[in-house]
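Novice:
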Ligand code: NAP
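Residue numbers (full-length UniProt numbering): 1 to 486.
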């Protein structure tokens, strides 16, 4: 197979600002690495504040015309993006794997998922509606007019280099907003490729701008401080989310925050264990565990603990680790050395406090940022991994004996993104649905992400929803007009 980098020509490894692909004003660049080898795969432009503001100039200038573009036309451009991504799926997937590390099969899944946001919001673009009603006391009418919020700033993480941008850009464009995306410095190539595809299908200049930078703090804060920016949508850690919320407050920006998670996956004694095992494997291992909705804590009811644990450990131990582009690999490289070191520390901490390693638990030597699938049992309450986001292929298993006990433990976290429950008892499932403080829940399912469903968290996991009909509302303001009519 050819080099995955061939799909992104050197002239497109630069900033996408208005109708130009250009270097940073300073000429600075930074290196992007293949996390499986540690080797540099490309150099991209390293934007500074002046470049970020140039992108905002373009997004602001394009705003009125894009907002006035007929919804059907905007919809068709989103459909064209969906088609182009689907037709070029293999190229995009290989680029994702190269810069992010996930196995190719999972990268293909991300392309299908990411592309689907364009199809979904192409369909939503022509369904934006206001209301007309009679004031309850009579005498006048109430008209509501939805309007695009204005130029949006997007900050995205490295774990889904395409999908996390797609689920912001697609609804924003559907609503009539223009955008500036700052992708994670570790995975900027996929977003540049998306911008190139959107240029090719005819999205007008200035509507999709991409600013790659190693100076995220400086560049993003300048964008948020500029009164032309009207919306911030951020996906990333809760820690950085808090910083950006404070900055957004000065300009009273609309914000959407997709932040960290600490999902509990609960296996009840009455569950179909085959279903629970499949669900736990997906919820833990999708994206190498580097997912905000990854199962971070696995609670198993005492009567099935032994059987579930033995079968789960066997499946985890059978996974093959390697370069994501190689055939037959289930578990690719983690994003960087810091990530491997953090996971190693969390495992050591749990073991120090009394946990036992059933599978994995030892980082390998050699190049690349690998960590083996790992299962821990007898994990004590105070182990740090039960509170921290593991963000890797490590599964702590904890037993429970009552629903009240496990609910209290599951909710004992600042996060509230998702939970998973495996049971054949409908009433029990509903009690967990009502009792778990999360924005989302998988019931007898480990895979919940779907562009047609509202994705998002409560508590410190975030504000707002992405996907579904709710996703486009995040990009619309409402003007209410009172019309005198005695
Ligand atoms: P991160 O460190 O918060 O970084 C996310 C993005 O923010 C990157 O583009 C990063 O740029 C940028 N950034 C960092 N510091 C910044 C600052 N001071 N000002 C402006 N931008 C800044 O998170 P990550 O490690 O990339 O991603 C993992 C986290 O994302 C996890 O916590 C995960 O749970 C969360 N996540 C949540 C969802 C969800 O939908 N809820 C989905 C996926 C991931 P640089 O790359 O240059 O540092």
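Beta carbons: idealized from backbone N, C-alpha and C, even for Gly. A quick note: this is a predicted structure, and the numbers were derived from the prediction, not measured.
1) Pull the bridge partners of residue 146 from the DSSP assignment, please.
2) Would you check if the distance between the CB atom of residue 141 and the CB atom of residue 443 is smaller than 8 Å?
3) For a test of your reading of the model: does the CB of residue 455 fall under 7 Å from any non-hydrogen atom of the ligand NAP? Yes or no.
4) Within the region 66 to 117, note down every full alpha helix (DSSP H) run reaching 4 residues or more, in order along the chain.
5) Given that a residue counts as buried once 16 or more other Cβ atoms are within 10 Å of its Cβ, and exposed if not, what is residue 73?
6) In the DSSP assignment, find the unbroken alpha helix (DSSP H) run with residue 246 in it and report its ends.
7) Please list the terminal residues of the continuous alpha helix (DSSP H) segment that includes residue 440.
8) Just to confirm, is the Cβ distance from residue 52 to residue 219 under 8 Å?
9) Leaving out the 5 sequence neighbours to the left and right, which residues in its chain are closer than 6 Å to residue 379 when beta-carbon positions are compared?
10) Contact defined as beta carbons within less than 8 Å: I believe residue 46 pairs with residue 64. What is the distance between those atoms, to the nearest angstrom?
11) Rounded to the nearest angstrom, what separates residue 359 and residue 344 at their Cα positions?
12) Is residue 469 near residue 124, with beta carbons less than 8 Å apart?
13) Within 10 Å of its beta-carbon, does residue 545 have 16 or more other beta-carbons around it, so buried, or fewer, so exposed?
14) Drop a sphere of 10 angstroms on the beta-carbon of residue 34, count the other beta-carbons inside from all chains shown, and report buried for 16 or more, exposed for fewer.
15) If I measure Cβ to Cβ from residue 11 and keep anything under 7 Å in the same chain, skipping five residues before and after, which residues do I get?
16) Any chance the region 126 to 137 sits against the region 217 to 232, with 3 or more Cβ pairs inside 8 Å?
17) Between which residues of its own chain and residue 81 is the CB-CB distance below 6 Å, once the five residues before and five after are set aside?
18) Tell me where the beta strand (DSSP E) around residue 411 begins and ends.
19) Can we count residue 61 as close to the ligand NAP, meaning its CB is less than 7 Å from some heavy atom?
20) Return no unless some Cβ of chain C is closer than 8 Å to the Cβ of residue 405.
21) For residue 12, which of helix, strand or coil comes out of DSSP?
22) Report the rounded CA-to-CA distance for residue 77 versus residue 307, giving the unit in angstroms.
23) Just checking residue 258 against the ligand NAP - is the residue's beta carbon closer than 7 Å to any of the ligand's heavy atoms?
24) If I measure Cβ to Cβ from residue 361 and keep anything under 7 Å in the same chain, skipping five residues before and after, which residues do I get?
25) In the DSSP output, what is residue 39 paired with across the bridge?
26) Could you check if residue 391 belongs to the surroundings of the ligand NAP, using beta carbon to heavy atom distance under 7 Å?
27) Below 8 Å on the Cβ atoms is my contact criterion, and I expect residue 150 with residue 231 to pass it. Report the Cβ-Cβ distance as a whole number of Å.
28) The ligand NAP heavy atoms versus the CB of residue 209: any closer than 7 Å?
29) Among 4, 146 and 310, whose alpha-carbon lies nearest the alpha-carbon of residue 481?
30) Hey, could you find the ends of the beta strand (DSSP E) residue 396 is sitting in?
31) Indicate the three-state DSSP secondary structure (helix, strand or coil) for residue 231 in the structure shown.
32) Measure how close the beta-carbons of residue 389 and residue 258 come, nearest whole angstrom, since I'm counting them as under 8 Å.
33) Using C-beta distances below 7 Å, list every residue in its chain close to residue 284, excluding the 5 sequence neighbours before and after it, in chain order.
34) What number of angstroms, rounded off, separates the C-alpha of residue 289 from the C-alpha of residue 256?
35) Are at least three pairs of beta-carbons, each pair with one atom in the region 86 to 105 and one in the region 324 to 339, less than 8 Å apart?
36) When you compare each of 61, 249 and 214 to residue 206 by their alpha carbons, which one comes out closest?
Specialist: Let's see:
1) In DSSP, residue 146 forms a bridge with 478.
2) no
3) yes
4) 71 to 87 and 89 to 100
5) Result: exposed.
6) 238 to 250
7) Per DSSP, residue 440 is not a residue of any alpha helix (DSSP H); the beta strand (DSSP E) it occupies stretches across 440 to 443.
8) yes
9) Cβ neighbours of residue 379 beyond the five flanking positions: 350, 355, 396 and 398.
10) Not confirmed; about 31 Å, so no contact.
11) Looking at the two C-alpha atoms, the distance is approximately 14 Å.
12) yes
13) Since the first and last residues shown for the chain are 1 and 486, residue 545 lies out of range.
14) buried
15) 21
16) no
17) 118, 198 and 201
18) From DSSP, residue 411 is part of no beta strand (DSSP E) but of the alpha helix (DSSP H) over 403 to 411.
19) no
20) In the structure shown, chain C does not exist; there is a single protein chain.
21) helix
22) For residue 77 and residue 307, the gap between their C-alpha atoms comes out near 52 Å.
23) The closest heavy atom of the ligand NAP lies less than 7 Å from the beta carbon of residue 258.
24) Short of 7 Å from the beta carbon of residue 361, and not among the five residues preceding or following it, lie these beta carbons of its own chain, in chain order: 347 and 374.
25) Residue 39 pairs with 34.
26) yes
27) At roughly 7 Å, the Cβ-Cβ gap stays under 8 Å, so residue 150 and residue 231 are in contact.
28) no
29) 146
30) 394 to 400
31) strand
32) With a Cβ gap of about 13 Å, residue 389 and residue 258 do not count as contacting.
33) 294, 295 and 395
34) Spanning the two alpha carbons is a distance of roughly 24 Å.
35) yes
36) 61
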